[in-house]
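**Student:**
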Amino acid sequence: MAEAWRPAQRRLHWWTAGLVATGFAIAWIMVAVPLRDLLVKFLLFQLHKTIGLTVFALVVWRLGLRNRHGRPAEADGLSIAERRAAAAGQALLYGLLLAVPVLGYLTACSAPSGFPTLFLGVIPIPSVIGPDPHLFDLLAPIHRWSAIILIALAVGHALQAIRHHRRGRLLLRQMWRAPPR
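Residue 319, in our numbering, is where the sequence shown stops; the numbers in between run on with no holes.
The following block contains the structure:
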């Protein structure tokens, strides 16, 4: 067990959180932009896709670092039920952090419009499948609801961290900055 989260792990955590929140906000804006503003809509979709691809890469990196360096010991005073709930919540968060971008990518690939996915607005990402209206109609709501569930879990995660912090546990401090030795 590590004594504290490494600086790279902490940075990746906060970058991931910020990008997920930004991507979620952009998603609601991009679908609300009318088609008469097609260029703005296209650019917002590309930004959303870039964020999703970046989140996927950051989460894979985070999991690699966690596997290599471990994690700090669990907080003292947690019941078995709290430990199990925390482990289940973490597993679900990581699962959704990987699944939502994959679902988004597949949704974009199957979109009837056939618009390309351009990472950073310029690097074309190949599609593994072609436009398929039926698959798109299946994937789009799954992607949307998975993202909503991800945000709800992330908010719950943050509220639990604040709750533990208010009870004097080091969990939030360990992720914000390393605790004093």
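All C-beta atoms, glycine included, are put in the ideal place defined by N, C-alpha and C.
Rounded to a whole number of angstroms, what is the C-alpha to C-alpha distance between phenylalanine 180 and alanine 290?
**Tutor:** 27 Å
**Student:** Assess, as a yes-or-no matter, whether the stretch 156-173 is touched by the stretch 280-289 under the definition of 3 or more beta carbon pairs within less than 8 Å.
**Tutor:** yes
**Student:** Given a cut-off of 7 Å on the beta-carbon distance, is the pair phenylalanine 274 and proline 250 in contact?
**Tutor:** yes
**Student:** Going by DSSP, what residue range makes up the beta strand (DSSP E) through proline 262?
**Tutor:** Per DSSP, proline 262 belongs to the beta strand (DSSP E) from 261-263.
**Student:** Of all the beta strand (DSSP E) runs that stay within the bounds of the stretch 246-301, which reach a length of 3 or more residues?
**Tutor:** 255-257 and 261-263
**Student:** What is the rounded straight-line gap between the Cα of threonine 192 and the Cα of leucine 230?
**Tutor:** Rounded to the nearest angstrom, the gap between the Cα atoms of threonine 192 and leucine 230 is 19 Å.
**Student:** Looking at the structure shown, is proline 210 part of a helix, part of a strand, or coil, going by DSSP?
**Tutor:** strand
**Student:** Please classify proline 172 as buried or exposed, where buried requires at least 16 neighbouring CB atoms within 10 angstroms.
**Tutor:** Proline 172 should be labelled exposed.
**Student:** Histidine 272: buried (16+ other C-beta within 10 angstroms of its C-beta) or exposed?
**Tutor:** exposed
**Student:** If we ignore side chains and look at the alpha-carbon of each, how far apart do valine 197 and leucine 244 end up?
**Tutor:** 18 Å
**Student:** Do you know whose CA, among Ala163, Arg204 and Ala146, lies nearest arginine 282's CA?
**Tutor:** Ala163
**Student:** At the level of alpha carbons, what is the spacing between proline 210 and aspartate 270?
**Tutor:** 45 Å
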